[in-house]
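Everything on this sheet refers to the single structure shown next.
Protein chains in written order, with the UniProt record's numbering: chain F, 1 to 345; chain U, 1 to 406.
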């Protein structure tokens with residue numbers, strides 16, 4: 001039986017009770033108290049908090065993300081640290097209560113697999129019909145639990161947030177991976193039950209913006225951008241959207257018909273698939289080079305990137321080269337299981 | 001006392017110190033943390049501990065004083081040179097508008113449009129010297145407007161601090177203790193005459209029509225009804241501002257950019273995450289302290305410190321630029337490193353005479369750099385050769401040439 005402790009943010013009146021085996025961030029998010037966070041794996045450091053009163057256990061916080069000096073200064077990782085007593089905390093990244101974004105509490109949900117299709121090389125589309133709806137913002141992700149284990153994996157919702165009872169995920173196979181090779185690409189079938197929790201993450205386009213947006217996807221990094229594009233077009237969040245989708249060959253691309261159709265329906269949407277290792281009638285080369293080719297200046301524009309870290313890094317470099325302001329560049333990097341393990345070990 | 005100096009101390013010259021003071025001070029820190037330096041005609045404290053110990057004894061064993069060259073430049077009573085009640089009164093004149101809560105009220109609206117305005121003049125050129133085109137103009141314009149000097153051009157303000165700097169750091173003395181280079185004060189004297197000529201009518205106006213400018217406050221705040229503060233009290237402190245406060249935020253900004261350019265990976269991180277800018281500034285003013293060796297203390301009685309005899313009235317230069325390279329606190333101190341453990345440094349001094357404008361200066365630099373990195377996120381160094389730094393009293397890169405794709 002675990003103990004619970006009352007924890008609160010110094011500037012907020014509302015508190016929550018957190019058990020001594022629960023990360024404090026999760027406890028706040030479940031209570032609907034939104035705090036800055038991104039990966040929830042202890043690698044990005046977005047959720048750093050200062051412990052003003054009380055004692056915490058850093059648990060698996062890595063010395064890479066949370067240095068000994070930071071620990072000495074009373075800083076903790078909200079997604080890792082658990083309470084040993086009642087706590088008063090203060091997020092290191094400033095809270096902006098008036099940013100106009102509606103946040104949804106974190107919760108556990110269950111559902112049934114209704115679609116499981118191969119859509120590209122080593123990529124499956126998984127659609128889960130939920131037993132009860134889950135609200136989220138376009139760009140956020142959920143953690144899916146691998147049955148019979150404590151293992152969870154993070155996947156971004158690809159459906160628009162208006163659709164709260166059927167969640168679409170794009171699953172990339174990891175050779176030897178417990179969740180993919182061991183389950184989703186082997187035993188999983190339609191009708192299976194799935195446990196997940198969400199929403200998590202701070203990636204996305206949540207408020208109307210005056211500037212056009214460039215969206216760059218690598219592999220299944222398309223998922224959150226697909227959600228963002230649909231949401232932004234429906235709610236007219238940006239004057240113009242340019243979606244770039246990168247793959248090595250034609251076999252890596254998916255949902256191309258969907259986006260071509262969307263392009264025909266919406267003048268303000270442009271779709272540019274790009275192949276790096278195959279000649280075809282579309283753009284070729286690295287997806288970030290295609291952006292450089294199309295835009296002589298990115299000043300005054302914003303960008304949303306999701307994909308493998310090298311692609312995201314190259315994309316950010318390319319956009320800055322075209323003088324996009326860094327605070328207008330939003331990114332979500334894949335952190336696969338091996339990366340996470342390396343970072344926390 | 002001068003005869004007891006070892007040769008390596010006795011032989012050091014002003015020119016050598018101005019070119020590169022670090023090797024000499026590194027040896028001082030190891031062998032003589034408190035030493036008499038004949039070329040300067042005074043003692044110097046070179047380690048962090050010695051600087052803290054002496055500056056921390058303000059209004060006790062020591063008091064604030066400026067060097068003879070400093071007094072010759074500013075005149076009396078300059079806040080750096082005042083003590084006890086007089087110092088309290090002068091700080092009561094300059095401090096209110098510089099309190100963080102006050103600065104927060106106005107600094108964004110003051111400095112951000114200025115930074116944007118200067119950026120617009122060159123952001124599409126693809127190259128610039130950031131010292132002359134950005135850091136110095138933003139620094140002088142921000143403080144100039146705060147003081148009420150909107151009618152004085154940025155170039156004129158920069159000319160004034162340069163001339164006052166030459167005069168203030170003209171510290172060399174001959175064997176008799178007289179100024180070795182009396183002509184070195186001419187530029188400062190010219191600047192002061194011009195400043196009075198331009199400011200007198202403004203002070204006349206603020207006397208009858210007070211406004212929210214800093215100098216109008218200096219005239220009126222804390223004075224009995226119907227009276228204004230004496231100009232002979234105001235001018236020495238105007239000169240202190242026009243030199244130190246005009247020049248140094250620009251130097252701090254230039255050193256931050258120059259430091260980051262030595263670590264392109266760290267520059268990239270700061271550009272990507274503007275919340276790191278404050279930390280980048282803190283490391284820069286440790287690495288190349290703008291006020292390197294420009295403030296001093298005087299012993300109020302006969303003292304012996306670590307075996308060094310200091311008769312009453314001995315002047316000790318606070319070499320904060322050296323203290324901030326103290327190997328006891330900083331590994332590889334000559335390397336700029338954003339990730340260095342942020343051990344507090346002495347860039348803004350210590351004791352009762354610690355800088356009144358610490359917060360204002362840092363905020364102006366932060367805002368300037370935020371705007372610079374936002375407008376030109378693809379900034380790169382424009383030269384493979386090393387950046388030239390100059391100065392012993394005040395120290396900074398002479399130029400920061402950069403290039404970017406437009």
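No residue lacks a Cβ here, since even glycine has one placed at the ideal position from N, Cα and C.
*Measuring CB to CB, does residue 319 (chain U) end up less than 8 Å from residue 299 (chain U)?*
No, Cβ-Cβ distance for residue 319 (chain U) and residue 299 (chain U) is not below 8 Å.
_Residues of the segment 373-405 of chain U with Cβ closer than 8 Å to any Cβ of chain F, in chain order_ = 373, 374, 375, 376, 377, 378, 404 and 405
_If you measure between the beta carbons of residue 131 (chain U) and residue 398 (chain U), is that distance less than 8 Å?_
yes
*Amino acids of chain U, ordered along the chain, whose beta-carbon sits closer than 9 Å to that of residue 321 (chain F)*: 377, 378, 404 and 405
*Please go through the same chain and pick out, in chain order, the residues whose beta-carbon is closer than 7 Å to the beta-carbon of residue 123 (chain U), but skip the five residues on each side of it.*
By the criterion of a C-beta distance shorter than 7 Å, residue 123 (chain U) is surrounded in its chain by 375 and 376, once the five residues flanking it on both sides are discounted.
*Report the residues of the segment 259-287 of chain U with a CB closer than 7 Å to any CB of chain F, ordered along the chain.*
271, 272 and 274
*asked:* Restricting to runs no shorter than 3 residues, where is the beta strand (DSSP E) found entirely within the segment 181-232 of chain F?
replied: 193-200 and 213-218
*Consider the Cβ of residue 341 (chain U): report whether some Cβ of chain F lies at a distance smaller than 8 Å.*
yes
_Below-8 Å beta-carbon distance, residue 325 (chain F) vs any chain U residue_ = yes
*Starting from residue 288 (chain F) and walking both ways along the alpha helix (DSSP H), at which residues does that stretch end?*
287-294
*By how many angstroms is the C-alpha of residue 312 (chain U) removed from the C-alpha of residue 303 (chain U)?*
7 Å
*Along chain U, which residues have their Cβ under 7 Å away from the Cβ of residue 69 (chain F)?*
341
*Candidates F:140, F:57 and F:165: which alpha carbon is nearest residue 155 (chain F)'s?*
F:140
*Between which two residues does the alpha helix (DSSP H) containing residue 154 (chain F) stretch?*
Segment 152-156 is the beta strand (DSSP E) holding residue 154 (chain F); no alpha helix (DSSP H) there.
*Local Cβ density within 10 Å of residue 73 (chain F), reported as buried at 16 or more and exposed below that*: exposed
*Is residue 69 (chain U) near residue 170 (chain U), with beta carbons less than 8 Å apart?*
In this structure, the beta-carbon distance from residue 69 (chain U) to residue 170 (chain U) falls below 8 Å.
*With residue 165 (chain U) and residue 267 (chain U) assumed to form a contact (beta carbons below 8 Å), what rounded beta-carbon distance in angstroms separates them?*
28 Å between Cβ atoms; not a contact.
*Rank F:302, F:310, F:311 and F:314 by C-alpha distance to the C-alpha of residue 327 (chain F) and give the top, closest one.*
F:302
*Proximity of residue 80 (chain U) and residue 238 (chain U) at Cβ, strictly below 8 Å*: no
*Neighbourhood of residue 403 (chain U) by C-beta, 7 Å cutoff - its chain only, sequence neighbours within 5 removed*: Here the set comprises 126, 127, 380 and 382.
*Could you please give me the residues that DSSP links to residue 104 (chain F) through a beta bridge?*
Beta-bridge pairing links residue 104 (chain F) to no other residue.
*asked:* The beta strand (DSSP E) that contains residue 248 (chain U), what's its start and end?
replied: Not the beta strand (DSSP E): residue 248 (chain U) falls in the alpha helix (DSSP H), residues 246-261.
_DSSP-derived helix/strand/coil call for residue 245 (chain F)_ = DSSP places residue 245 (chain F) in strand when its eight states are reduced to three.
*Since residue 487 (chain U) contacts residue 195 (chain U) with CB under 8 Å, what's their CB separation in whole angstroms?*
Residue 487 (chain U) lies beyond the residue range present for chain U, which begins at 1 and ends at 406; the question has no answer from this structure.
*asked:* Taking DSSP's pairing of strands, which residues face residue 50 (chain F) in a bridge?
replied: F:75 and F:90
*Please go through the same chain and pick out, in chain order, the residues whose beta-carbon is closer than 6 Å to the beta-carbon of residue 340 (chain F), but skip the five residues on each side of it.*
Any reading at residue 340 (chain F) must be qualified, since the residue scores a pLDDT of 41, below 50, and its modelled position is unreliable; the value itself is stated next. Cβ within range, chain order: 41.
*Note down, in chain order, each residue of its chain lying with its Cβ closer than 7 Å to the Cβ of residue 88 (chain F), except the 5 sequence neighbours on either side.*
8, 10, 52, 53 and 54
*asked:* So, under 8 Å CB-CB, residue 365 (chain U) and residue 252 (chain U) are touching, yes? Tell me the CB distance rounded to an integer number of Å.
replied: 5 Å
*Between residue 146 (chain F) and the rest of its own chain, which residues show a CB-CB distance below 8 Å, the 5 nearest in sequence each way excluded?*
The beta carbon of residue 146 (chain F) sits closer than 8 Å to those of 152, 153, 178, 179, 182 and 183, all from its chain and outside the five residues before and after it, given in chain order.
*Where do the ends of the alpha helix (DSSP H) carrying residue 154 (chain U) lie?*
154-168
*Please report how far the alpha carbon of residue 245 (chain F) lies from the alpha carbon of residue 33 (chain F), in whole angstroms.*
35 Å
*Indicate whether residue 350 (chain U) and residue 42 (chain U) have their beta-carbon atoms separated by less than 8 Å.*
No; because the gap between Cβ atoms is not below 8 Å, this pair is not in contact.
_Exposed unless 16 or more other CB atoms sit within 10 angstroms - verdict on residue 333 (chain U)_ = Buried, since its Cβ has 16 or more Cβ neighbours within 10 Å.
*Can you list, in chain order, the residues of its chain whose CB lies under 7 Å from that of residue 173 (chain F), leaving out five sequence neighbours each side?*
122, 180, 181 and 185
*4-residue-minimum alpha helix (DSSP H) runs that sit fully inside the segment 275-321 of chain U, ordered along the chain*: Qualifying alpha helix (DSSP H) stretches, in chain order: 277-287.
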